[in-house]
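Report on one structure; see the data block that follows.
2 protein chains.
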Amino acid sequence: MAVRYELIKQCRHSGARLGKLHTPHGVIETPVFMPVGTQATVKAMTPEELKENGAEIILSNTYHLYLRPGAELIKEAGGLHKFMNWDRPILTDSGGFQVFSLGPLRKVSEEGVTFKSHLDGSTHLMSPEKAVEIQMALGADIIMAFDECAPYPCTHEYAEAALDRTTRWAARCKDAHMRDDQALFGIVQGSMYRDLRERSIRELVNLDFPGYGIGGLSVGEPKPLMYEVLDYSVPLLPADKPRYLMGVGSPDCLIEGVMRGVDMFDCVLPTRIARNGTVMTSGGRVVIKNADNARDFRPLDEECSCYTCRNYSRAYLRHLFKAEEILGLRLTTIHNLHFLLTLMKKVREAIFNDTLPELRNEFFTKYGYDTEKGGK
Amino acid sequence: MAVRYELIKQCRHSGARLGKLHTPHGVIETPVFMPVGTQATVKAMTPEELKENGAEIILSNTYHLYLRPGAELIKEAGGLHKFMNWDRPILTDSGGFQVFSLGPLRKVSEEGVTFKSHLDGSTHLMSPEKAVEIQMALGADIIMAFDECAPYPCTHEYAEAALDRTTRWAARCKDAHMRDDQALFGIVQGSMYRDLRERSIRELVNLDFPGYGIGGLSVGEPKPLMYEVLDYSVPLLPADKPRYLMGVGSPDCLIEGVMRGVDMFDCVLPTRIARNGTVMTSGGRVVIKNADNARDFRPLDEECSCYTCRNYSRAYLRHLFKAEEILGLRLTTIHNLHFLLTLMKKVREAIFNDTLPELRNEFFTKYGYDTEKGGK
C-alpha cells in the first residue's frame, strides 16, 4: 500500500491522535500542517528552507500545474518531486476547489467541469478521470479525488446534489487510478448539513479509500459551525485512516481541528499573510509595517528560534517592507512557517504527554483568540 | 589606518595586480567585484547566500539609506553591518551619483545639491559634509567622497567645472571625516578628457586619500572610450592605493578593467538582469523565458557549481519565471552572482599564475563579446 497510517496514541482528553503516515517519500508525523506550493514552489522558499523549518510534506495543485507548465512536461522532468527538487512527500489537490471557484467561467455536468483558464481563457474539461490522470503524471505520494465543493451558504438540495455527484466522481476516480505508489483520498462533502455529512462519509467509506479529505469547510462559515461539523463527522471516519481537513491553517483552527481528530491540514494563510507583512508570534499577530516597529530592535518573537528571529530586528524587517525588498517577505515567510510547524510539533508532544488541554489554554491565553477565517 | 592595500603581485602581461585590502571587517582579495545592496539588502539575497557565492564585500547607498530608513535609525541599530546582518566589509557610495541622476529634481551650488526625494518629494540638501556625516553614522568600512558626476557627452567646460567642484568637495569631505575605523576614498572625474582626468588625479592625490574611485565612466559612453580613459588614468594613481571603477560590472568590462589596473568594481547588472530572467553562463547570456528552455532539463550552465545549477533545470526556472514566482529570481540572482564572483576568483588565480591573457581569450571566445553597456 502506497500510504499507511499508523496510530501511535489516542489523546485521553480529546479526539486528538498521534500517528505516523508512511509514504513512498518518507514518514510523516501527524497531526501535520502542510505548506502550500500551488505552482510547484512554496512561494519565496527553497526546499532547504522548508526543511529547516520542519516541513515534512507539502501540497501542490493539479489545476495550476495542469495549465502551467502542464502535467506532461512535469512527467518528462521525472515527476513533480524531481522537477521542484523536493524529496519529501507531496500531496496534490485535485483541482476541484479551484475549478469550482472560477464561478461564471465554469459549467458543471455529470461528465465533469468545463472551464476557461484564468491564464488565457482557453476552454478545458476537468473530469474525475482527467484529474486522476494528471495527478498520476505529477506523481505525488497522496492525490485527491475530484470533488464538487459547495459554497456557503447553500440549500440542502444544492448540497445534496453536490455531495451525490462527489461520491459518484470519487468512484470514477478510484476506477481511473492505476499507480500503486500513490494513495488516492476521497473527499467528504455535505456542506453544514449533518444528514448529508453522515451520508457522504458512509458512502465514501464503502468505497474504502486509504484516507479521507474533509472538504467544503473554511469556505466562509463561522468557525463554531465548522467545529460543529467536525464534531459529528470525524468520529464516523475509520480510525485506521488519516483525516485531512482541507484549506484550514490558522493556529486556533489547527488546535481545534486536532482536538476533533484531524490528522492533516493545509492552508496558504501563513505564507500569504507573511508576504503582506503580517506575522504570527507567541503574543499574537504583528503587522510589520506599523510605525511602532520602526525603532524596535527586538526580533519578531523573542520566544522564536527561526532564522529570521535569530538574525533580524523588527526595525530591519519594517525597512525591508517599506522599501518593498524581496528579502522582507522571505524572512516573514520563514518565520510564519516556523511558527505553525513548531506549533504542530508542540501539539504532537502534548498529545504524547497528555497535556493537550494545557497547551490549548496557554496558546489561546497568550496568542489571543483569532477570529479571522482559516482562509483558503 | 582603517584600510590598507597590500600589493601581492603585479601581472607580467598587463596592468593587473593581485592585492589584499585590509579592513576592520576582514581582508578582501583584489581584484574584487562588490555586489550592490542599495537599500541595505542585496536584492532577494540573504547574507549567507552572498557568502556561499563568494561575496567578500558589498556596497550600499547613502542616498537611499538617508531617505529611508534614515541614518540615525541605522546608527541606533548599531550601524549598517548589524542592521542588515552582514559582518564582512561594506562600502557606501556617497549619494553623488544618485543625486545628480535626479535631473530636474536637483539644483547644484557650491554648498551642495538641493534635491527632492524620489519617495515623497520632500526637499533636502546633500553637501560634502552631510554625505560624510551620514556615512559616518552608517559605519561602512569604506566611504566615498561626495562628487559631481558629469553626464556623457558633456563639454570640456562643463566637465572642468564639475571636476573642480569635485576636488573642492573632496577636500571638504576629508575635513569633515572623523572616524579612524573607516577609509574615505576620493573620486576621480574629468569625463572623457585626458587633460581633465590628469588634473583630477593630480589634485586628488595631493589630498592623499587611502583609495581612489574612478567615477564618471559607464555613463553611456562606448566601451572602447572607457578603456581609453582607464589606459591613461590608472597609471597616474599611486600604486600603493586601491583603485575602484564605479558602477561597472559586465564580465567583459571586469576583465578589461582588471588588465588596466583596477582593483574594485561594483554594479547592479548581475542582480538586476537576474530578476528579469537573464543569466550569464560560460556560453554567453541566456534568457530563461525563451521557449527553447521549456523542456530543457539541463542546468543553466553545465560548468557551474552554484546552488541553482546543482539543483534546478532550465525548464523549472522557466516555469517559475512564467508563473512569476519569487523563487525564480532568487535562483537566477544566486547564479549570476556566483558567475561573476567565480570569474573574479579565476582572474585572481590567473594573475597569480601569469595566465591572465589566456583566461581573457578563453573567456571572450566562449562567452562572446558583450557589447552592452556596463550599466549602473
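Taken in order, these protein sequences are the chains called A and B.
At position 229 of the first sequence the residue is numbered 229 (the working numbering), and the sequence of numbers has no breaks.
So the mapping is simple: the working numbering equals the position in the second sequence, first residue as 1, plus 1000.
Cβ coordinates follow ideal geometry from the N, Cα and C atoms, glycine included.
For A:Arg298, the closest Cβ of chain B is not nearer than 8 angstroms. Using a 10 angstroms sphere on the CB of B:Ser1060, the tally of other CB atoms reaches 16 or more, which defines it as buried.
If you check the CB distance, A:Ile187 and A:Leu237 do not come in under 8 angstroms. The beta carbons of B:Pro1128 and B:Ala1077 sit no closer together than 8 angstroms. Within 8 angstroms of the CB of A:Arg295, the CB atoms of chain B belong to Leu1073, Glu1076, in sequence order along the chain.
Here A:Met192 is buried: its Cβ has 16 or more other Cβ atoms, across all protein chains shown, within 10 Å. Taking CB atoms only, A:Ala137 has no neighbour in chain B less than 8 angstroms away. Measuring C-alpha to C-alpha distances from B:Thr1155 to each of B:Arg1194, B:Ile1351, B:Trp1169 identifies B:Arg1194 as the nearest. A:Val229 places its beta carbon 8 angstroms or farther from that of A:Tyr152.
Under a criterion of Cβ atoms nearer than 8 angstroms, the residues of chain B adjacent to A:Met45 are, in order, Leu1327.
Assignment of B:Arg1199 by DSSP, reduced to helix, strand and coil, places it in the helix class.
Taking 8 angstroms as the upper bound for CB-CB distance, B:Phe1097 and B:Leu1105 are not in contact here, some 14 angstroms apart. Using beta-carbon distances, A:Leu317 does not count as an interface residue toward chain B, since no partner is under 8 angstroms.
B:Leu1059 is outside the set of residues whose beta carbon lies under 8 angstroms from a beta carbon in chain A.
As computed with DSSP, B:Lys1009 is found in a beta bridge with B:Leu1018. A residue is called buried when at least 16 other Cβ atoms come within 10 angstroms of its Cβ; A:Arg172 meets this threshold and is buried.
DSSP lists no beta-bridge partner residue for A:Ser122. Note on A:Gly190: 16 or more other CB atoms within 10 angstroms of its CB, so buried under the neighbour-count rule. Of all residues in the stretch 22-43 of chain A, only Gln39, Ala40, Thr41, Lys43 come within less than 8 angstroms of chain B when Cβ atoms are compared, listed by chain position. For A:Pro69, the nearest beta carbon of chain B is closer than 8 angstroms to its own beta carbon. The bridge partners DSSP lists for A:Thr114 are A:Lys107, A:Leu125.
If you ignore the 5 residues before and after A:Leu331, its C-beta comes within less than 8 angstroms of the C-beta of Tyr307, Thr308, Tyr312, Leu317, Leu320, all in its own chain and listed in chain order.
Bounds of the alpha helix (DSSP H) holding A:Ser233 are 223-233. In the three-state reduction of the DSSP assignment, A:Glu303 falls in the coil class. Looking at the DSSP output, B:Tyr1244 sits in a beta bridge with B:Gly1213, B:Met1264. Residues of chain B with a Cβ closer than 7 angstroms to the Cβ of A:Ala323 are, in chain order, Gln1039, Arg1068.
The alpha-carbon separation between A:Glu49 and A:Ser101 amounts to approximately 31 angstroms. The DSSP-derived three-state label of B:Met1280 is strand.
Taking the Cα positions, A:Asp93 is about 54 angstroms away from B:Ile1143.
Within the model, the alpha-carbon separation for A:Met45 versus A:Leu337 is close to 10 angstroms.
Less than 8 angstroms separates the beta-carbon of B:Val1032 from that of B:Glu1056. B:Asp1181 sits in coil when the DSSP states are folded into three classes, being neither helix nor strand. Think of a sphere of 7 angstroms around the beta carbon of B:Asn1311: the chain A residues whose beta carbon falls inside it are Asn85, in chain order. Separation of the CB atoms of A:Pro224 and A:Phe185 is rounded to 26 angstroms, and the pair is thereby denied contact status at 8 angstroms. Contact check for A:Gly79 and A:Lys345: beta-carbon distance about 29 angstroms, past the 8 angstroms limit, so the pair fails to qualify. Per DSSP, reduced to three states, the secondary structure at B:Arg1004 is strand.
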